[in-house]
Amino acid sequence: MTSDAQAPTITEGHIATGDKGLKADALGYMSNLVIGIASTAPAYSLAATLGFIVVIHGIGVKAPAVLIVSFVPILFVSLGYRYLNKADPDAGTTFAWTTRAFGPWLGWMNGWAIFVADVIVMASLSVIASQYTYALFDWKHGQNSATWLIIGSVVWIALMTWICYRGIELSAETQMFLLSAEILILAAFSVVALAKVYHGGALPGSLHVSASWFNPFDLSFNSLILGVLLGIFIYWGWDSGVAVNEESRDSAEGPGKAAVLSTILLLLIYLVVATAAIAYAGTKFLGANSNDVLNPLGKSVFGSPWNKLLIIAVLTSASASTQTTILPTARTTLSMAKWGAIPEVFGRIHPRYLTPTVSTIGMGALSIVWTALLVGFDPGQNVLSDSITALGFAVCFYYGFTGLACGWYYRRQLFKSVRGFVLAGLVPVLGGVMMGFIFVKAWIVESNPSYNYSAPLFGIQVPIVIGIGGLLLGVPFMLIAFAKLRPYFRRKTEVAPPGLI
Amino acid sequence: VTRTTFEVLTLGTLVVIVIFGLIGYVVAKPVREQTATIELPTDLAGAVGEVT
Chain A
1 MTSDAQAPTI
11 TEGHIATGDK
21 GLKADALGYM
31 SNLVIGIAST
41 APAYSLAATL
51 GFIVVIHGIG
61 VKAPAVLIVS
71 FVPILFVSLG
81 YRYLNKADPD
91 AGTTFAWTTR
101 AFGPWLGWMN
111 GWAIFVADVI
121 VMASLSVIAS
131 QYTYALFDWK
141 HGQNSATWLI
151 IGSVVWIALM
161 TWICYRGIEL
171 SAETQMFLLS
181 AEILILAAFS
191 VVALAKVYHG
201 GALPGSLHVS
211 ASWFNPFDLS
221 FNSLILGVLL
231 GIFIYWGWDS
241 GVAVNEESRD
251 SAEGPGKAAV
261 LSTILLLLIY
271 LVVATAAIAY
281 AGTKFLGANS
291 NDVLNPLGKS
301 VFGSPWNKLL
311 IIAVLTSASA
321 STQTTILPTA
331 RTTLSMAKWG
341 AIPEVFGRIH
351 PRYLTPTVST
361 IGMGALSIVW
371 TALLVGFDPG
381 QNVLSDSITA
391 LGFAVCFYYG
401 FTGLACGWYY
411 RRQLFKSVRG
421 FVLAGLVPVL
431 GGVMMGFIFV
441 KAWIVESNPS
451 YNYSAPLFGI
461 QVPIVIGIGG
471 LLLGVPFMLI
481 AFAKLRPYFR
491 RKTEVAPPGL
501 I
Chain B
502 VTRTTFEVLT
512 LGTLVVIVIF
522 GLIGYVVAKP
532 VREQTATIEL
542 PTDLAGAVGE
552 VT
């Protein structure tokens, strides 16, 4: 373990490795940025969320304002990532940092929260990738058959697991290709849609863009909060770019900066595409197609056969995110194993590819089992839909603790400069508090049956069973780890070394 | 990205958010001050009966 700003580099033959055995200096700043953006799956996130934001009572055309408000806690927490990574570029990210700041128990639970969130989302991502693969070939039977959806999902997860296993460079190159295609198509969509709004050809409900769409202050607080509950999770995933810090050049600076920049770029992407979609089609159309706004929009904006472009955008988005979800999970469990928080078998590294072996394959296998169970036992996909809401609990949990950990870890240096106080203290802690508020608010909202798809289990709403239950499931595992792995649980808390901010 | 570029981007975004928030707050004041008068039915018991 190191608290130095830069992970140590050990040269084995001609290949340099970090202290965990991962391939050092394999990724540049651009790869960190690409992995961060691709992991959030912008096209898929917009396709699946924009319609639901628009239909919230009182929001409508003001969805861009909701996206701006949702961005604020994300930006604040990303600054926490940036400063914590500067002090400790550990692939375990939040796990390692909260262990240092708050001790082993909270550290362990935060590692578990990352794992839970990533496993939960894998089912949805792989099913979407599978559905859109079939949609690309107009195969309706495949899109509606549980068996074929499971088969497609298993193939996608297996393929992406293999890429992650095969090496970090191949992973980064795949991401570069997939994200480029996705962004180019979204840009083309936005330009063509806005051109049609102002030069004719848009749908009957089309509207000219207004500055008031971006102002959240004339929304009712309740409407805004309901929108933010949805909006905040379309930004989730940018932290994957930080999880590959030990494989990055300038590991203490590059990944942290890329995390902050990726959130800003995501905001721009979301604002441009959401504004174009609302202006082109109006709110009624988006509300009527809230399950997937991009596919029907693509048919209208591009016409046949170019409408396939948006299917390709969502397909590349979901498949890229499937891969970038495996990457950070494998690195978190790798780090937990190297810290002695879970069995050391999860810390095994491939001697040639220098990637986590058991952690990567284990994540892929678990995702396949989870997806098959979820789709197999509930072909109507109600539980799958609720699982997306559920993962918000784990995300708020570990994002929130990261923000708080930053302020606490740097507490002895915060009052030495205004800049340090604001950027490494006040702002990340505010982000953490906001995440805590959203966690509680989400719990209250999700307790209302009208917001969920499935019938409650034992009287508890399904998103709460999966989200909170998933987090609580970590407690018995942590107690087993405590019984077997005492040295980790005897760790003392630490403070940031001086001179970093 | 150099440290200067990064700091400008980060602090710039924070400043834009604050300015944007202040302007938005002022511009939206008339909307927030609008109130709607909703008349309650005089015969509440009858209204409840109709609903049920």
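Chain order of the listed sequences is A and B. The first sequence runs 1 to 501 under the numbering used here. The second sequence runs 502 to 553 under the numbering used here. Ideal Cβ placement from N, Cα and C applies to all residues, glycine included. Please read all numbers here as calculations on a predicted model, not as lab measurements.
- Counting the other CB atoms within 10 Å of its CB gives residue 303/A a total below 16, which places it among the exposed residues.
- The contact set of residue 518/B on chain A, defined by CB atoms closer than 9 Å, consists of 68, 71, 72, 75 in chain order.
- Contact annotation: residue 122/A and residue 335/A have beta-carbon atoms that are not nearer than 7 Å.
- In this structure, residue 321/A sits near residue 125/A, with a CB-CB distance shorter than 7 Å.
- Between residue 381/A and residue 187/A, the alpha-carbon positions lie close to 31 Å from each other.
- Residue 93/A: not part of any beta strand (DSSP E); DSSP gives it neither H nor E.
- Non-local beta-carbon contacts of residue 223/A in its own chain, meaning distances under 7 Å to residues more than five positions away in sequence, involve 56, 57, 58, 59 in chain order.
- Using a C-beta cut-off of 8 Å, the stretch 402 to 416 of chain A makes no contact with the stretch 131 to 140 of chain A, since fewer than three inter-stretch Cβ pairs fall below that distance.
- Taking residue 387/A as reference, the option from 452/A, 232/A, 266/A with the minimal CA-CA separation is 452/A.
- With fewer than 16 other Cβ atoms from the protein chains shown falling within 10 Å of its own Cβ, residue 198/A counts as exposed.
- Between the beta-carbon of residue 244/A and that of residue 81/A there is about 13 Å, and that puts the pair past the 8 Å contact cut.
- Pairing residue 469/A with residue 432/A gives a Cβ-Cβ distance that is not under 7 Å.
- Judged by their CB atoms, residue 193/A and residue 276/A are nearer to each other than the 7 Å cut-off.
- The Cβ of residue 509/B sits no closer than 7 Å to any Cβ of chain A.
- Per DSSP, residue 316/A is one residue of the alpha helix (DSSP H) stretching across 308 to 338.
- Under DSSP, no beta-bridge partner is assigned to residue 505/B.
- The CB of residue 529/B comes closer than 7 Å to the CB of 215, 217, 218 in chain A, given here in chain order.
- Any Cβ of chain A closer than 7 Å to the Cβ of residue 525/B would place that residue at the interface, and such an atom is present.
- Secondary structure in the stretch 333 to 418 of chain A: the alpha helix (DSSP H) runs of 4 residues or longer, each lying completely within the stretch, are 358 to 377, 382 to 409 in chain order.
- For the stretch 258 to 271 of chain A, residues whose beta-carbon sits nearer than 7 Å to a beta-carbon of chain B comprise 260, 261, 264.
- With a 10 Å radius around the Cβ and a threshold of 16 neighbouring Cβ atoms, residue 504/B comes out exposed.
- Of the candidates 75/A, 31/A, 77/A, 101/A, 101/A places its Cα closest to the Cα of residue 412/A.
- DSSP, read as helix, strand or coil, puts residue 163/A in helix.
- Close partners of residue 514/B in chain A (Cβ separation under 8 Å): 75, 264.
- For residue 234/A, there is no enclosing alpha helix (DSSP H), as DSSP marks it with neither H nor E.
- For residue 79/A, the residues of chain B that pass the 8 Å Cβ criterion are 511, in the order they occur in the chain.
- Within 10 angstroms of the beta-carbon of residue 442/A lie 16 or more other beta-carbons, which makes it buried.
- Per DSSP, residue 202/A lies in no beta strand (DSSP E) and is assigned neither H nor E.
- Distance from the CA of residue 15/A to the CA of residue 27/A, rounded to the nearest whole angstrom, comes to 14 Å.
- A straight line joining the alpha-carbon of residue 311/A with that of residue 98/A spans about 40 Å.
- The stretch 62 to 70 of chain A and the stretch 227 to 234 of chain A touch, with three or more beta-carbon pairs separated by less than 8 Å.
- Beta-carbon to beta-carbon, residue 44/A and residue 372/A are separated by about 21 Å, too far to satisfy the 8 Å threshold.
- Within 10 angstroms of the beta-carbon of residue 385/A lie 16 or more other beta-carbons, which makes it buried.
- Contact annotation for residue 29/A against chain B: 502 [CB-CB distance below 8 Å, chain order].
- Contact check between the stretch 71 to 88 of chain A and the stretch 251 to 271 of chain A: three or more CB pairs, one atom from each, fall below 8 Å, which counts as touching.
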